[in-house]
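To start, the structure itself, in structure tokens.
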Amino acid sequence: MSELAAGLVLAGRFRLIRVLGRGGSAEVWLAEDPVLATEVALKIIPAADAAAACRLTDALRSDLRTLQRLVHPGIVNIHAVYVDGARCCISMEAVIGTDAGGLRGTAWQTIVAAVLEVVDALQYAHAQG
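All residue numbers for the sequence shown refer to the working numbering, where the first residue is 9 and numbers rise by one.
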């Protein structure tokens, strides 16, 4: 996904600001969303072509409806799924912080508190079905 760069506008809406993370199949960017007048996290998943991106987007939309019912402080709010050429883009709440690796070297009480927050979110999601 080297063609992605800060300032690029995707889906006619999201202006990329900076990379938040990279995985095996996607990149997550901090992006400006002028419609919501806020910054969002934009997960960008490349597809083989525009048709494949549309199929992936359609498949993700049913999952999106399920995820949007989960309202909990420990679960990121997912906004919508978009297609941009041969890319599928998932717009979600931007949560700026650290990953679990950032807890290394902290007091065990801090680690336990973080784990309990995750457990609480998982229990909530499980209870919702």
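Just so you know, even glycine gets a beta-carbon here, dropped at the ideal spot from N, CA and C.
The three-state reading of DSSP puts T74 in helix, counting H, G and I together. Within the segment 32-90, the runs of alpha helix (DSSP H) at least 4 residues long that lie entirely inside it are, in chain order, 58-76. Note that the segment 67-74 does not touch the segment 106-119; fewer than 3 beta-carbon pairs, one per stretch, sit closer than 8 Å.
Spanning the alpha carbons of L124 and T118 requires a straight line of approximately 10 Å. By the neighbour-count definition (other C-beta atoms within 10 Å, threshold 16), W37 is a buried residue. Here G15 really is in contact with R23; their C-beta atoms are around 7 Å apart, less than 8 Å.
Excluding its 5 nearest sequence neighbours in each direction, E101 has C-beta neighbours in its own chain below 6 Å: V84, N85, listed in chain order. L78 is not a Cβ neighbour of L50, given a cutoff of 8 Å. Rounded to whole angstroms, the separation of the alpha carbons of I25 and D41 is 11 Å. By alpha-carbon distance to D92, the top candidate from Q76, P81, A55, I104 is A55. V27: member of the beta strand (DSSP E) spanning 22-30, first to last residue.
Pairing S99 with V48, the inter-Cα distance amounts to about 6 Å. For E125, the enclosing alpha helix (DSSP H) covers residues 116-135.
The continuous stretches of beta strand (DSSP E) do not include R112, and DSSP gives it neither H nor E.
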